[in-house]
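Asks: Okay, here's the structure, questions in a sec.
There are 2 protein chains.
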Amino acid sequence: MIKEERFELIRGELAKKGIVDGDELAALLDVSRATIRRDLDSLEEQGLLKRTHGGATAADSEDELPFHSKLAAYSREKRAIGNAAAERMPSGAVIGCTGGTTVMSVVKALKGKPITVVTNAINVAMELAPWESAQVIVTGGTLRARSYELVGHIADRTLGEFHLDIALLGVDGIDIERGLSTYTIAEAHAAAHYMSQAERVWVVADHSKAGKVAPALIAPISKVHCLVTDPGIDPGLRSRLEAAGLEVVLAEM
Amino acid sequence: MIKEERFELIRGELAKKGIVDGDELAALLDVSRATIRRDLDSLEEQGLLKRTHGGATAADSEDELPFHSKLAAYSREKRAIGNAAAERMPSGAVIGCTGGTTVMSVVKALKGKPITVVTNAINVAMELAPWESAQVIVTGGTLRARSYELVGHIADRTLGEFHLDIALLGVDGIDIERGLSTYTIAEAHAAAHYMSQAERVWVVADHSKAGKVAPALIAPISKVHCLVTDPGIDPGLRSRLEAAGLEVVLAEM
DNA sequence: TTGTAAACGTGCAAAAACGAGCATAAAAAT
DNA sequence: ATTTTTATGCTCGTTTTTGCACGTTTACAA
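Each protein sequence line maps, in turn, to chains Z and F.
Position 151 of the first sequence, counted from 1, bears residue number 151 in the numbering used here, the numbering being contiguous throughout.
Position 88 of the second sequence, counted from 1, bears residue number 341 in the numbering used here, the numbering being contiguous throughout.
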């Protein structure tokens with residue numbers, strides 16, 4: 001029996017029982033405990049399980065969170081932006097939220113506020129689920145692979161039934177000429193739909209997005225009422241954005 | 254038996270009974286009282302329970318994790334049921350899923366299988382999000398407070414647009430006379446709707462639900478094709494269920 | 001309030017598990 | 001065929017965990 005074969009069996013046992021015992025594995029696979037320990041070490045290094053004394057437990061099944069990696073970038077700035085945006089959010093507002101890590105920071109800071117949230121991002125909904133203060137409406141739709149956003153005609157139809165006080169958008173690019181943009185058409189479409197249903201449009205983005213243009217265009221700057229970003233934004237760009245009639249809020253850090 | 258295994262069983266007992274006795278645990282786990290006391294100390298430090306003289310009670314700060322605590326009750330049985338149900342799930346099937354911890358166990362075991370899942374539970378959707386093998390459709394709707402289920406006319410309308418191969422239901426009670434039942438009307442309504450859209454109905458429930466009747470009735474036993482449960486079910490009850498034309502699958506533990 | 005029995009905590013010794021190093025055996029490369 | 005690499009099992013010293021003993025504290029009832 002080769003190593004990979006053992007790895008497979010160990011993972012199988014782990015999936016079946018949740019907890020494995022070193023002695024049992026040694027007997028089951030007919031190898032020494034030393035080998036089992038080395039195997040468990042390897043598997044732990046791959047993040048497939050968590051070692052304990054005497055065996056191992058299933059790793060907290062956050063196997064592939066494509067968001068965790070992104071969250072690391074500018075996380076300080078995102079947190080500050082989240083707090084600033086949440087602070088300015090009026091109680092009782094009906095808010096439409098796209099997905100995205102910056103929007104998630106705002107949602108986290110909104111905990112406990114009496115608001116209504118309409119969203120097509122299930123991670124936003126999950127975050128608010130334990131809090132009775134917020135009423136949460138999920139649009140429904142098809143879950144985009146490796147994302148947490150719902151898209152398609154179901155999402156569109158549901159969103160069309162709501163009037164929003166504020167559309168809260170996270171974007172990948174914000175530019176004077178080209179306006180708001182993001183990486184995928186589906187996200188751009190959802191963002192544009194939120195804007196069309198909303199009284200006011202707030203954009204949250206760290207300063208690295210300012211001046212950038214991503215492939216999928218959403219809308220011109222003129223449609224945006226407020227941008228919440230961090231103090232790292234270029235002052236000249238900020239002036240031009242304000243000259244375009246956009247309120248720019250700099251989060252305190 | 255390793256320490257983590259004891260921890261899990263202690264949490265399970267706690268979730269089942271709400272209060273545990275040190276002597277009972279010592280007898281059940283076949284370790285000394287000193288070890289039990291040390292275990293309880295550890296678990297208290299993790300905030301998973303509250304120590305008392307002679308044992309421990311469930312921690313009351315369940316605001317943050319309304320789900321984790323529930324998961325502990327019969328977690329071994331639920332995992333076994335999840336594996337058994339997932340194994341019997343045909344590739345490519347279109348499955349409708351309610352929420353509930355037992356259904357979540359099945360969904361976790363379905364990782365990597367090529368299936369289509371229609372669900373009104375956002376935690377189910379979150380679990381499947383990283384896996385490209387599954388196509389996930391979320392019904393949308395209003396998020397029930399402190400739960401992860403979407404309800405209301407949006408959920409109904411979306412669900413009505415789908416034909417399901419299998420309705421996968423988690424219930425709180427399954428009884429010969431009264432049929433399937435659950436704790437809230439909203440959940441019962443959702444479950445009944447899944448049933449009406451599905452070719453076949455599978456119910457997953459640990460043996461503690463067998464013979465019980467919860468307040469909100471869903472449907473009679475005759476509408477169910479298959480029950481996946483654990484070997485702890487009363488043999489007489491099992492016979493009567495099978496006599497009623499229901500296939501009963503006992504998960505291997 | 002006071003007595004009593006059960007439970008608690010601490011110190012200590014035994015047992016189990018761990019990590020590191022080394023020798024052997026198998027596999028791969030030369 | 002021989003060398004190099006890799007994998008496995010074993011030993012030994014160290015760390016962690018467990019069980020027991022004993023004095024102290026707590027809960028319950030008279």
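Ideal Cβ positions, reconstructed from N, Cα and C, are used throughout, including at glycine.
Taking the straight line between their C-alpha atoms, what separation do you get for isoleucine 95 of chain Z and alanine 186 of chain Z?
Replies: 20 Å
Asks: Using CA coordinates, which residue listed in F:Arg329, F:Ser295, F:Glu277, F:His306 is at the minimum distance from glycine 265 of chain F?
Replies: F:Arg329
Asks: Closer than 9 Å, Cβ to Cβ, to anything on chain F: give me those residues from the stretch 119-136 of chain Z, in chain order.
Replies: Asn120, Ile122, Asn123, Ala125, Met126, Leu128, Ala129, Pro130, Trp131, Glu132, Ala134, Gln135, Val136
Asks: Taking tyrosine 148 of chain Z as the query, report the chain F residues whose CB atoms sit under 9 Å from its CB, ordered along the chain.
Replies: Ala378, Met379, Ala382
Asks: Please check the pair alanine 192 of chain Z and alanine 219 of chain Z, which I expect to be a contact at CB under 8 Å, by giving their CB distance rounded to whole angstroms.
Replies: 6 Å
Asks: Does DSSP put threonine 119 of chain Z in a helix, in a strand, or in coil?
Replies: strand
Asks: Got a sec? Which residues, its chain only, sit under 6 Å from glutamate 62 of chain Z by beta carbon, not counting five neighbours each side?
Replies: Note that glutamate 62 of chain Z scores 42 on pLDDT, short of 50, meaning its location in the model is unreliable; the coordinates nonetheless yield the value given after this. Excluding residues within five positions, none has a Cβ falling inside 6 Å.
Asks: Quick one: any contact between the stretch 171-180 of chain Z and the stretch 202-217 of chain Z, if contact means 3 or more CB pairs under 8 Å?
Replies: yes
Asks: Helix, strand or coil, according to DSSP, for glutamate 340 of chain F in the structure here?
Replies: helix
Asks: Can you tell me whether alanine 337 of chain F sits near the ligand SAM, meaning its C-beta is under 7 Å from at least one heavy atom of the ligand?
Replies: Absence of the ligand SAM is noted for the structure shown, with no ligands found whatsoever.
Asks: Would you decide whether serine 32 of chain Z is buried or exposed? Buried here means 16 or more other CB atoms lie within 10 Å of its CB.
Replies: exposed
Asks: Whole angstroms is fine: what's the gap from tryptophan 455 of chain F's alpha carbon to arginine 341 of chain F's?
Replies: 11 Å
Asks: Buried or exposed for aspartate 23 of chain Z, please, with buried defined as at least 16 other CB atoms from any protein chain shown within 10 angstroms of its CB.
Replies: exposed
Asks: Would you call the stretch 354-362 of chain F in contact with the stretch 411-428 of chain F, where contact means no fewer than 3 C-beta pairs closer than 8 Å?
Replies: yes
Asks: Please report how far the alpha carbon of arginine 410 of chain F lies from the alpha carbon of valine 136 of chain Z, in whole angstroms.
Replies: If you take the alpha carbons of arginine 410 of chain F and valine 136 of chain Z, they lie about 18 Å apart.
Asks: According to DSSP, is glutamate 402 of chain F part of a helix, a strand, or is it coil?
Replies: strand
Asks: According to the Cβ coordinates, are alanine 504 of chain F and aspartate 487 of chain F closer than 8 Å?
Replies: No, Cβ-Cβ distance for alanine 504 of chain F and aspartate 487 of chain F is not below 8 Å.
Asks: Chain F beta carbons: is any one of them nearer than 8 Å to that of valine 138 of chain Z?
Replies: yes
Asks: To which residues of the same chain is leucine 48 of chain Z closer than 7 Å at the C-beta, ignoring the five residues directly before and after it?
Replies: Taken in chain order, the residues that qualify are Arg11, Ala59.
Asks: Which residues in chain Z sit within 8 Å of glycine 394 of chain F, going by Cβ to Cβ distance?
Replies: Ile137, Val138, Gly140
Asks: Please state the DSSP three-state secondary structure of threonine 101 of chain Z.
Replies: helix
Asks: Within 10 angstroms of the Cβ of glutamate 132 of chain Z, are there 16 or more other Cβ atoms? Answer buried if so, exposed if not.
Replies: exposed
Asks: Could you tell me the distance, in whole angstroms, from the CA atom of glutamate 161 of chain Z to the CA atom of lysine 303 of chain F?
Replies: 47 Å
Asks: Which class does valine 466 of chain F belong to by DSSP, given the choice of helix, strand or coil?
Replies: coil
Asks: With a cut-off of 8 Å, does the C-beta of glutamate 257 of chain F fall near any C-beta of chain Z?
Replies: yes
Asks: Does valine 284 of chain F come out as helix, strand or coil in the three-state DSSP assignment?
Replies: coil
Asks: From the DSSP output, in three-state form, read off leucine 49 of chain Z for me.
Replies: strand
Asks: Which of helix, strand or coil does DSSP assign to threonine 182 of chain Z?
Replies: strand
Asks: In this structure, how does DSSP classify leucine 14 of chain Z when only helix, strand and coil are distinguished?
Replies: helix
Asks: With a threshold of 8 Å between beta-carbons, can threonine 482 of chain F be considered close to chain Z, or not?
Replies: no
Asks: With distances taken between CB atoms, is the gap from threonine 139 of chain Z to threonine 119 of chain Z smaller than 8 Å?
Replies: A contact, by the Cβ cut-off of 8 Å.
Asks: I want to verify the contact list: residues of chain F whose CB lies under 8 Å from the CB of aspartate 21 of chain Z, in sequence order.
Replies: Met254, Ile255, Glu258
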